[in-house]
Structure formats: structure tokens, C-alpha cells
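One structure below.
Rendered as C-alpha cells:
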């Protein structure tokens, strides 16, 4: 196998690929899954559940916040699992990003208050709990209120709306609609199933973004479903 790189219209010389497959190859994801398949065998020996997407792996373990001993056991089980994963990765020429590992305790506000301060050791790094963590493009907080996800989504979309407004007078209507969908509505629609059942005080923030996007449309020929209709009704409707 060989690969070449094209940059700025210039093609490099062909280079032999001695290991793996060329970057960007359709075989890359498949071979990675096969290569890392043993990961979940190791996890199952320590923990009841885990979730993986490509090279992103999440480990789950529940404990009773009213029982300090149960919390200590949970932390020990998590550290033991991570330690065995690091050993396997070292043997198979993989590397765990210790510094990028995040530790999130999820529960109600009352439950979180009962949890004793703790850390998880990953290699030589002590990981302290975070109040929020990014999960495949969405943001989870300790109470799963999705308030962080909504705030960050609204902040990013309003920034894009400001940029689009400055150039909107130079765009045709169909071009403006395409840009708004690409940079605004696609962001507030991403993972919107996680927002079902949230109180109106949270949904109204997304509605303001959508209303602001509508103000940049002139005689819109199509209807964008209201977020209130999507998330306060009995049926979830994708907008």
C-alpha cells in the first residue's frame, strides 16, 4: 500500500505505508474497531456498563451517595479498570490521554451534596470531578439539566447570526436560507432529543435563537417548527 498527499494543487511523491492504512481510508474506522475490540472485554471484567464511539470511550458505575463505603468501592473499581486498560494499551502500542480524561458525577442536587470529595487516578494524574463535560458534541452537567448545552449552543448560534447579518444583504434568499440552516438551525437541532421534557425557561432560550434567525428571512416560503411545539407536546417532532 502507498499514499500521496495533495496540498494546494501539488501532489507529493508516493510513500509506502508499512503499518496500518492510509489516513482517511474507508478501512480506517473498521480496522480501528477490530484493533480495539478487546477494550470492552477488559471493561466488562470490572464495570457493568460502558459506551464507545470511535476512539471515545465512556465508563459508567453507580453508587449510593448515602453510603461512603459504597462510594469508595466504586472509585476503586473505576481505577482498577482504567489501570488494566492502560496496561493493555501499552502492550498494543496505544496511548491513553490521561490529561484528557474527565470525571463527572451525575445525580440530583440533593445526591451531589452527599457525595464525599474524591479523585480518580489515571496513570500519574489525579482527575478531579468536573461540573460539566462534552459528550460527542453535546454538554452534560452534573444534574443532567442540559443548561450548559443550551447556553453554549445559544452562544455559538448568536455569534453566527451576528456574522451572517453583516453579509446578508449580499446574499440571495436561497443562499441566506442555506447558510442559516448550516450554521444556526443545525446547531440548535443537534441532539435535540435530549431536550425533550425540559421546562419552558430552558426551551425559550432556543426559541429566541430561532426567532432571531427568522428575522433575517424575508417572506419565508417555509415554516420552521416552533421549539415549543417540539418539546412541550406529547410527540417529539424534529424541526
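In the working numbering, the protein residues as written are 13 to 251.
We treat Cβ as the ideally placed atom computed from N, Cα and C, and that holds for glycine.
By the neighbour-count criterion, in which 16 or more other beta carbons inside 10 Å mark a residue as buried, residue 52 falls on the exposed side. Rounded to the nearest angstrom, the gap between the Cα atoms of residue 205 and residue 158 is 11 Å. By the Cβ rule, the stretch 79 to 99 counts as touching the stretch 53 to 63, because three or more pairs are nearer than 8 Å. Of the candidates 80, 77, 45 and 138, the residue whose Cα lies closest to the Cα of residue 64 is 45. Note: residue 14 is bridge-paired with 28 in the DSSP secondary-structure output. Below 8 Å, enough C-beta pairs join the stretch 117 to 135 and the stretch 85 to 94 to call them touching: three or more. In the displayed model, residue 33 falls within coil according to three-state DSSP, outside both helix and strand. Excluding its 5 nearest sequence neighbours in each direction, residue 191 has C-beta neighbours in its own chain below 8 Å: 176 and 183, listed in chain order. Contact check for residue 150 against residue 203 passes: the beta carbons are separated by less than 9 Å. Remark: C-beta atoms of residue 18 and residue 24 approach each other more closely than 9 Å. Residue state for residue 223 is assigned as helix, using DSSP reduced to three classes. For secondary structure counted as the alpha helix (DSSP H) over 4 or more consecutive residues, the stretch 42 to 98 holds these complete runs in sequence order: 50 to 56.
A distance of 9 Å or more separates the beta carbons of residue 59 and residue 42. An exposed status is given to residue 198, since fewer than 16 other beta-carbon atoms sit within 10 Å of its beta-carbon. Inter-residue distance for residue 80 and residue 123 is about 12 Å (C-alpha atoms, whole angstroms). In the three-state DSSP reduction, residue 127 falls in the coil class, being neither helix nor strand.
Between residue 125 and residue 162, the C-beta spacing is not below 9 Å. The criterion of a C-beta distance shorter than 9 Å is not satisfied by residue 117 and residue 152. Within the same chain, Cβ atoms closer than 7 Å to the Cβ of residue 101 are found at 107 and 108, the five residues on either side in sequence being excluded.
According to DSSP, residue 137 shares a beta bridge with 134. Beta-carbon to beta-carbon, residue 104 and residue 137 are separated by about 21 Å, too far to satisfy the 8 Å threshold. Exposed is the label assigned to residue 216, since fewer than 16 other Cβ atoms lie within 10 Å of its Cβ. Fully contained in the stretch 181 to 208 are the following alpha helix (DSSP H) runs of length 4 or more, in chain order: 185 to 192 and 198 to 201.
In the three-state reduction of the DSSP assignment, residue 153 falls in the strand class.
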